[in-house]
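Protein chains: 2
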Amino acid sequence: MKRPTIADIAQRAGVSKGAVSYALNGQRGVSEATRRRILAIAEEIGWNPHSAARALSGAAADTIGLALRRPARVLGFEPFYMELISGVEAELSGRSYALMLQIVADASAEVEVYRRWWGERRVDGVLICDLRVGDPRIPVVTDLRLPAVVVGGPEGVGDVPHVWNDDAAALVETVEYLAALGHRRIARVAGLPDLWHTRVRAGAFQGACARLGVRHALTIGTDYSGEEGARATRRLLSGEARPTAVIYDNDVMAIAGLGVAQEMGLSVPGDLSIVAFDDSPLCRLVHPALTALARDIPAYGALAARQLLAAVAGQSVGSVQDATAKLVPRASTARPVSST
Amino acid sequence: MKRPTIADIAQRAGVSKGAVSYALNGQRGVSEATRRRILAIAEEIGWNPHSAARALSGAAADTIGLALRRPARVLGFEPFYMELISGVEAELSGRSYALMLQIVADASAEVEVYRRWWGERRVDGVLICDLRVGDPRIPVVTDLRLPAVVVGGPEGVGDVPHVWNDDAAALVETVEYLAALGHRRIARVAGLPDLWHTRVRAGAFQGACARLGVRHALTIGTDYSGEEGARATRRLLSGEARPTAVIYDNDVMAIAGLGVAQEMGLSVPGDLSIVAFDDSPLCRLVHPALTALARDIPAYGALAARQLLAAVAGQSVGSVQDATAKLVPRASTARPVSST
DNA sequence: CTGAAAGCGCTTACAG
DNA sequence: CTGAAAGCGCTTACAG
C-alpha cells in the first residue's frame, strides 16, 4: 500500500492540492465545510505530512539537536543528562518537536555535528551543554546563525542566549553551613576543570573559605566519574590534615566518597561530613542519606527548551536565570567530632 | 549568505546538476578529473546535502528512532538507558546515522510516536526497548512494515527481529551460587511485572529455588525506582522468616537495599547478601561493593543498532543472542551467619 | 473561496 | 561521459 499524499486527499475530496494544504494547515482559503471534509478524509486514509517535503518547502525541521560530549562510562550513570533530557522532552513533545541526539568523543566532532545538522537542515536549533572555557561551539553557532541556547553561563557565552543558575551562591551557602558547624578543613572534589561551572564553583569555594577562616581548602579535579571521585577521596583521607568535610561536584562521586569513608573505617558524619552537588534519589537512598544541593533539573531542561523554541521562532531571548540550588541537609553532615 | 546548493556547484564547475549529484555520491557517470573538481568546489563553498531534499527523492532518512516509556524519575538515574544509547550511538555515528529520541508517558503515546515518525518518513527504522507482554508495538511495526529490532525477546516478539540475552540462565546461576553458600531464604525485588524479561526472570527464579530446596522464595514487584526498592527491602527485612539474600532487578534498587540494611542495623553480607542485576560503576563504589550480574550494555546497544541497520538495508536479520550476564562476586555476598 | 503553477534541492532514468 | 528533464510531496504567492 502506497503512502497517502495530499494529492490522494485532493482527488477524493474533489479539490486542488492547494486547498488541501490550506485546510490541513488551518490557513484561510477554504470554507469550513470543505475543511472538515478534507480533515475527515485525511484522518480516514491515515495521512501524515511527509516531513521532508515540508522541510523542503521552507518549513522548519521541527527538531532540535543535542550533542553530548562525555565518555560513555560517565554518561552512563550521571543522572544529570537523562533528567535534563526528560525535561527538554516534556517541553518538546507537547509541540511535536523531536529531539536529535548524538554522543560525541571530542570537541571537533561536536562542532562538526552541529555544523552538519545545520547544513543538512536537520535541526532548527541546538542546545549547548557543558560549556567549556573558550568553547569552540560559541563562535560556530554565532557564525552559522544557528539558533542556540546554552545550558550554563552567564560567562563565556558571548552573545548566545542561555539559561543558568547561580552555582557560586549555592557553593557559598554550603561552605557557610559547614563553617557554622565548625568545619575548618573542607575539601572539594571537583568536576572537569575546563568547564565554566567548575571554574565558577572553584572561585566561590576559595572565596568563601578565605572569608570564613577555613584554613585548609583543598580542591582535587576529576572527570566526574565515581572512580576518580573515590580515588580523590582516598587521597584526601590518607593525607595529614585530613578534611572533616568534603563537597563533591556530583552525586555519583559523593556516593563513591561515602563508600571510601566506610571502607577506611571512618564514620559519616562523625569523622567526615559529605555534601553532594546535585541531588538524585540515590542521595536519599544510601545510608546515611547525603546532604545535597538540590536543583530541579528537568525544570532546568524544560526552561532551556522553551527558550530555544522562542529563539527558533525569532524572538530575542537573552539570559535567563533559573532557581539556585538549595541546600538540603541530611544525615551526612554534622559538627566535626574533634574541632581543630 | 545563502546556503549553497548543487546548482551553485554545477554553475561554478560548468557542469549540470546531475553530474554534480553523481560526483558527490560516488556514482559512475563523471570522469575522475571532473569528480575531483566538483568535490573540491563543494568543500570550498561549504556545501552540505539538504537532508530533506534527499529524503524527498526517495533516499533514506539516515535516522533511527527510539521512544522510551518510563517515568522521568526512573529514567533519570537508571544507568541502563544511557549506556544502551551510547552503544547505539557508537554504531550509528560511524555511519552518519542520527538518533531520534522521545520520552513518552504511556503505551498509546509510544505507538503514536512510531506511527507518526514513520508516516512523516523521519526515521528508517526503530528500536523497541522494554518489551511488554502483549506489547502493542509489535503489531504496529509489523503492519506498517517499519524496520524494527527489539532489544529483548525471544518471546513475545512475533516476527520482529531482536537481540536478546539469557536472563534466565543468569538468574539460575545466581540462585545456585547463593544456595551453595547456604542460603535457603532468598527474595527477589523485581522490576515492572508486565515486562517480558521480568516474567522470564521470575520463572527462572522460582524454578531454580524449587529445584535447589530454597524454601522461601518471595518476589516483590516494583517500578524499578530506588524508592520502591527501598520499600520492598524494608518489608522483606521486617517480616518473619527474613531472607538472608536478596536479588535486585537493577543496580539502583540494590544500592537502595544496601542503604536500608545499614539503616536497620543489619550487616551486609553477614546478615544479608545482596546481588544486583546489571552492574554499574556504582556497584563497585559503595561499601561493601555489590555482587552483580554484569553485562556489556553498550555492546548490547551496538549490536541492536547493527541489526537494525541491516534490517533497514533489507537484510533479514532474525534473532541474535548476546552474551549472558556474568556473575561477579564481590563483598556483598557470603555464607549466611546462621543457616536455618 | 478555489485552481493552476512554480518552486524547495536533490536523485535518477533517459537521451545524446 | 554529460545534459536536460521529470519527479519526490509539500507550500505559497498569483490569478480567477
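Chains as they are written, first to last, in the working numbering: chain A, -7 to 332; chain B, -7 to 332. Idealized CB from N, CA, C, for every residue including glycine.
Three-state secondary structure assigned by DSSP to Q19(A): coil
Close Cβ partners of N157(A) (< 8 Å) along its chain, the five nearest in sequence each way excluded: R287, Y292, Q313, D314, A315, T316 and A317
Exposure of V167(B), with buried meaning 16 or more beta-carbon neighbours within 10 Å: buried
8 Å contact criterion, which S8(B) and A15(B) should meet: CB distance rounded: Going by Cβ atoms, the distance from S8(B) to A15(B) rounds to 11 Å, so no, they are not a contact pair.
Rounded separation between A248(A) and S324(B) - CA only: 16 Å
Contiguous beta strand (DSSP E) assignments of at least 3 residues, all confined to the region 103 to 142 of chain A: 117 to 120
Span of the alpha helix (DSSP H) around G195(A): W188 to L204
Selection from G213(B), A196(B), R46(B) and A171(B) that minimises the alpha carbon distance to G205(B): A171(B)
Neighbour flag for E83(B) against chain A, beta carbons, 9 Å: no
C-beta neighbour in chain A for P131(B), strict 9 Å: Chain A has no Cβ within less than 9 Å of the Cβ of P131(B).
Endpoints, the alpha helix (DSSP H) within which A224(A) is located: G218 to S230
Proximal residues to L31(B) (C-beta, below 7 Å), its chain only, five neighbours per side dropped: A15
Proximity winner among A268(B), P185(B) and V164(B), relative to F197(B) (alpha-carbon distances): V164(B)
Segment contact, 8 Å Cβ cut-off, at least three pairs: the region 210 to 219 of chain A with the region 18 to 33 of chain B: no
CB contact below 9 Å: S331(B) versus chain A: With a pLDDT of 44 at S331(B), under the threshold of 50, the predicted position of this residue should be treated as unreliable, though the coordinate-derived value follows. Closer than 9 Å: no.
Chain B within 9 Å of A5(A), Cβ atoms only: no
Boundaries of the beta strand (DSSP E) in which L91(B) is found, first to last residue: Note, L91(B): beta strand (DSSP E), A90 to V96.
Inside the region 282 to 328 of chain B only - beta strand (DSSP E) runs reaching at least 3 residues: 283 to 286, 311 to 313 and 318 to 320
Beta-carbon neighbours of A32(B), restricted to chain A and to distances below 8 Å: Ordered by position in chain A, no residue passes the 8 Å Cβ test against A32(B), which lies about 17 Å from the chain.
Any 3 or more C-beta pairs closer than 8 Å across the region 68 to 84 of chain B and the region 254 to 269 of chain B: Note that the region 68 to 84 of chain B does not touch the region 254 to 269 of chain B; fewer than 3 beta-carbon pairs, one per stretch, sit closer than 8 Å.
Proximal residues of chain B, C-beta to C-beta of R113(A) below 7 Å: Under the 7 Å cutoff, chain B gives H42, S43 and A44.
Where the alpha helix (DSSP H) containing S43(B) begins and where it ends: S43 to L48
Candidates V132(A), R203(A), Y89(A) and T225(A), of which the one nearest G57(A) by Cα: The residue with the shortest Cα to Cα distance from G57(A) is Y89(A).
A5(A) burial status per 10 Å Cβ neighbour count (16 or more: buried): buried
Cβ of D325(A) within 9 Å of any chain B Cβ: Here residue 325(A) is Thr; the residue named in the question, Asp, does not match the sequence. No - not a single Cβ of chain B is within 9 Å of the one on T325(A).
Candidates I239(B), L319(B) and V103(B), of which the one nearest A162(B) by Cα: It is L319(B).
Test item: CB-CB of P71(A) and D243(A) under 9 Å: yes
Status (buried if at least 16 other CB within 10 Å, exposed otherwise) for S331(B): Low local confidence applies: a pLDDT of 44 at S331(B) is under 50, so the model's placement there is unreliable, and no value is given.
C-beta neighbour in chain B for T26(A), strict 9 Å: no
CB contact check: R322(A) to chain B, cutoff 9 Å: By this cut-off, R322(A) is not an interface position.
Pair within 9 Å by beta-carbon distance, A118(A) and L93(A): In the sequence on display, residue 118(A) carries Val and not Ala. Cβ atoms of V118(A) and L93(A): not closer than 9 Å.
Three-state secondary structure (DSSP) of S8(A): S8(A) falls in the coil class under three-state DSSP.
Residue-level contact to chain A via CB, D0(B), 9 Å cutoff: no
Proximity to L250(B) [Cα-Cα], best of D271(A), R226(A), V278(A) and A294(A): Minimum Cα distance to L250(B) is reached at V278(A).
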